[in-house]
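Q: If you use this note's numbering, the sequence shown corresponds to residues -2 to 469, in order.
Okay, here's the structure, questions in a sec.
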Amino acid sequence: MTTGKSSLSYPSSTKTPVIKLKNFHDLIPVDTFTKELPCDPLTPFGPPIPSWAATQSPHLLNDTNANLNSTSSHSHGLSSDAAVRASRRVCNSCFTYLYPEPLPSPTLIIHSPAAFALLSLNQPPAADSKEQIAKRTLLAESLCGNRIPKAFRPWTHNYGGHQFGYYAGQLGDGRCVSLCEVEIEGEGLKKINGIGKRMEIQVKGCGRTPYSRFGDGYAILRSSLREFLASEMLAALGIPTTRALAMVGSTREVTRENTLESGAVVVRMAESWVRFGSFEVFWYRSEKDKIKTLADYVINYHYPEVNIPKQNKIVIMKHLNLDSTSGNVVENRPVEVEVNKYAVFFKEVVKKTGILIAYWQAYGFTHGVLNTDNMSIIGLTLDFGPFGFLDNYDPYWTPNNSDSEKRYSFEDQPKIALWNLSKFGRTLVDLIESTPSRSEKKKNIRGEVIINEILKEFEPAFVEKYSDLMRK
């Protein structure tokens, strides 16, 4: 293995690219999410320098990005770290710049060799000598966010969501901070807008954020270990999921249910952490322009095929006919319609979600908290709380002890996923337009009608994938 910044070199005897391995602190961020989406107005230039930086993270004092915000906070009235971190309503924003809180005495407990390889990272050294121990300690400091490279500008996501059937308002990343978004290197990986496949790296359990509400923002060792093992197990099984890079332990003690437990953080990553609830928070606040901005971003970087005109001109809306005045369904007769990219985008999300749920049902996985804020916009298993696998077949089983009505039972996961999709689809209604083909001299089709028709794509996508998995 070699170290150093990532680059591709070509031996004289072959055209196959050789990817040089690198250290975690040498990762080069591309951060498309923060570059293209609206930021919390309290952190326009980057994360403010926290009060504990001088004693616990002095390297932040030399961070050019942070210094800009720190200097401006005195001359232009921008907020301090404490004010930014306080629980509050964050409007017209997809994220807030914020540093993670420092983790006391971080220790690298476990890492995923496969996830490290995915990022072309050097594997952690064994702890067989003082030099190796020092390197592991430095890696743990970097992974948990205690040592932030100068190029990194960490942020935390803003989103809302339905919980147990009711909209719960602003939720957001109450204990997660994204360190960076990096490009993955590899042969055959296509580039979108000049940038290849990306992974957004998060630290979970790193303290309070504006979205913490009543929580302390910390995570405990046992729940962090569960998420690490589950995400990497699902990945090994081929189930679409977020990934776990490492788990870092700490001397921090965290109170849970009147009991002190060991604190820890899990370092996780995904191509995107955007959720259904990322759109809902804007819809419920009537911030409709932000819905379009976010939809355009997700389409451009995660569904680029939707932008190809020949693929989104015509779809068949089955069993649909329209009243010439109201635009409502009045008969059962097929109508061929033209739809825009937002309708096709929604259709792709519906299909990906159907495929994801098929994997869950085939492998006996029960998520346990299938709220809209836990539904990935790119069809990944997202956020591991009280999840579980069926030991014996019990369709009514749920691992969530607080789910007394068994809303999120194993059997009902397809139904709940479809319900969640309907809530996401509602946020896109104003963006979705359609006109009948020239042979149909009718008025435009209402967005609600198109959404309801597209939702019918869930069942065939689910059944096809489920049947394929069960035949293996």
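Cβ coordinates follow ideal geometry from the N, Cα and C atoms, glycine included.
1) Does K19 come out as helix, strand or coil in the three-state DSSP assignment?
2) Going by the DSSP bridge assignment, what does W152 pair with across the sheet?
3) Output yes or no for whether 8 Å exceeds the beta carbon distance between L452 and L428.
4) Counting Cβ pairs closer than 8 Å, one from the stretch 121 to 138 and one from the stretch 156 to 165, do we hit at least three?
5) Spatial neighbours of K420 within its chain, please: CB distance less than 7 Å, with the 5 preceding and 5 following residues excluded, ordered by chain position.
6) Taking the Cβ atom as the reference point for each residue, do V200 and C141 lie within a distance shorter than 8 Å?
7) Near R85, which residues of its chain fall below 7 Å by C-beta distance, leaving aside the five closest residues on each side in sequence?
8) Distance check for Y298 and A458, CA to CA, integer angstroms please.
9) Just to confirm before moving on: does the CB-CB distance between E454 and K344 stay below 8 Å?
10) Determine, using beta carbons only, whether T238 and L377 come nearer to each other than 8 Å.
11) Output the distance between the C-alpha atoms of L118 and E450, rounded to the nearest integer angstrom.
12) Taking the beta strand (DSSP E) that R86 falls in, what are its first and last residues?
13) Could you check which residue in V27, R282 and A233 has the C-alpha nearest to that of P110?
14) To the nearest angstrom, how far is it from the Cα of S221 to the Cα of D380?
15) Please specify which runs of the alpha helix (DSSP H), each continuous and at least 4 residues long, are wholly inside the stretch 181 to 264, giving them in chain order.
16) Would you call the CB atoms of A267 and E224 closer than 8 Å?
17) What runs of the alpha helix (DSSP H), each 4 residues or longer, lie entirely inside the stretch 329 to 394?
18) Would you identify the three-state DSSP class for A165, choosing helix, strand or coil?
19) From T350 to S76, what does the alpha carbon distance come to, in whole angstroms?
20) Under the assumption that G365 contacts P383 (Cβ atoms under 8 Å), give the Cβ distance between them as a whole number of angstroms.
21) If I'm right that A355 touches Y463 with Cβ under 8 Å, what's the distance once you round it to whole angstroms?
22) Within a Cβ cutoff of 6 Å, which residues of the same chain sit near G385, ignoring the five residues on either side of it in sequence?
23) Rounded to whole angstroms, what is the Cα-Cα separation between E302 and V336?
24) Answer yes or no: do C173 and T153 have a C-beta to C-beta separation smaller than 8 Å?
25) Would you check if there are 3 or more beta carbon pairs closer than 8 Å linking the stretch 22 to 32 to the stretch 126 to 134?
26) Taking the alpha helix (DSSP H) that L291 belongs to, which residues open and close that run?
27) Thinking C-beta only, is G204 closer than 8 Å to P103?
28) Hey, how far is the Cα of R195 from the Cα of E180?
29) Please look up how many angstroms separate the CB atoms of N155 and T93, rounded, as I've assumed it's under 8 Å.
30) Rounded to whole angstroms, what's the CA-CA distance from V264 to M244? Just pull it up for me.
31) Going by C-alpha distance, which of A340, K285, K19 and S283 is nearest I296?
32) On a CA-only basis, which of K127, I413, S209 and R249 is nearest G166? Give me that one, please.
33) Give me the DSSP bridge partner(s) of L118.
34) Taking C-alpha atoms, which residue in A112, L95 and K19 lies nearest to T40?
35) Rounded to whole angstroms, what is the Cα-Cα separation between L136 and R219?
36) Expressed to the nearest angstrom, what Euclidean distance is found between the alpha-carbon atoms of A112 and R240?
A: The relevant details are as follows:
1) strand
2) Per the DSSP secondary-structure output, W152 pairs in a beta bridge with Y94 and S175.
3) no
4) no
5) H159, F273, E277 and T369
6) The answer is yes: Cβ separation under 8 Å.
7) Closer than 7 Å at the Cβ level, and outside the excluded window around R85, lie P207.
8) 23 Å
9) Their beta carbons are under 8 Å apart, which means E454 touches K344 by this criterion.
10) Contact annotation: T238 and L377 have beta-carbon atoms nearer than 8 Å.
11) 45 Å
12) Note, R86: premise wrong, no beta strand (DSSP E); not H, not E.
13) A check of alpha carbon separations from P110 across V27, R282 and A233 identifies A233 as the nearest.
14) 11 Å
15) 218 to 234
16) no
17) 338 to 360
18) coil
19) 40 Å
20) 4 Å
21) Rounded, the Cβ-Cβ distance is 4 Å, consistent with contact.
22) T363 and P396
23) Straight-line Cα distance between these residues: approximately 15 Å.
24) yes
25) no
26) Per DSSP, L291 belongs to the alpha helix (DSSP H) from K285 to H299.
27) no
28) 4 Å
29) Going by Cβ atoms, the distance from N155 to T93 rounds to 7 Å, so yes, they are a contact pair.
30) 6 Å
31) A340
32) S209
33) Beta-bridge pairing links L118 to K19.
34) L95
35) 21 Å
36) 7 Å
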